[in-house]
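Quick note on our numbering: the sequence shown kicks off at 2 and runs consecutively.
The beta-carbon is built from N, C-alpha and C at its ideal position, and this holds for glycine as well.
Note that the coordinates shown come from a computational prediction; the quantities given were computed from them, not determined experimentally.
A quick write-up on the structure given underneath.
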Amino acid sequence: MNKKYPITQEMIDRYGVINGDNDIIHYDHDYAVSRGFKGPIAHGLMVSGYAIDMACRKWGKDFFYKGEIDVRFRGPVIPGDTVDIVIDDGSLVASVEDGEALVGKIGLRG
2 MNKKYPITQE MIDRYGVING DNDIIHYDHD YAVSRGFKGP IAHGLMVSGY AIDMACRKWG
62 KDFFYKGEID VRFRGPVIPG DTVDIVIDDG SLVASVEDGE ALVGKIGLRG
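What follows is the structure in structure tokens.
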């Protein structure tokens with residue numbers, strides 16, 4: 002199962018309002034570039050949320066009650082990226098043009 006999610010700065014801004022993460026690395030282009038990124042970076046949990054959305058579509062309410070996810074962040078996601086998330090036999094990979102953004106496992110317990 003896979004799905005692509007185009008990422009915009011507006012999405013990052015709105016996610017920051019919801020979760021309360023106001024770190025400047027997510028909002029200020031010049032600051033993010035000075036820290037070695039190509040631009041502001043998306044929140045890692047925002048990207049994980051797209052994987053969870055896919056899991057809920059795949060397993061329905063069972064994922065809500067018995068789902069688990071374990072991820073490792075591998076690289077940044079920036080505005081303009083399209084995140085391609087693939088769930089296959091319990092493995093999870095989210096990638097962008099520059100490489101993997103996160104990898105891990107996702108599925109139902111037991």
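- For residue 69, the three-state secondary structure derived from DSSP is strand.
- DSSP places residue 6 in the uninterrupted beta strand (DSSP E) bounded by 3 to 7.
- Between the region 54 to 74 and the region 26 to 41, the count of C-beta pairs closer than 8 Å stays below three; the two stretches do not touch.
- Following the DSSP letters along the chain, one finds residue 95 inside the beta strand (DSSP E) bounded by residues 92 to 97.
- Nearest C-alpha to residue 15 among 80, 85 and 5: 80.
- Residue range 83 to 89 is occupied by the beta strand (DSSP E) that includes residue 84.
- At a cut-off of 4 residues, the continuous stretches assigned as alpha helix (DSSP H) that sit fully inside the region 5 to 71 are 10 to 20, 30 to 35, 45 to 60 and 62 to 67.
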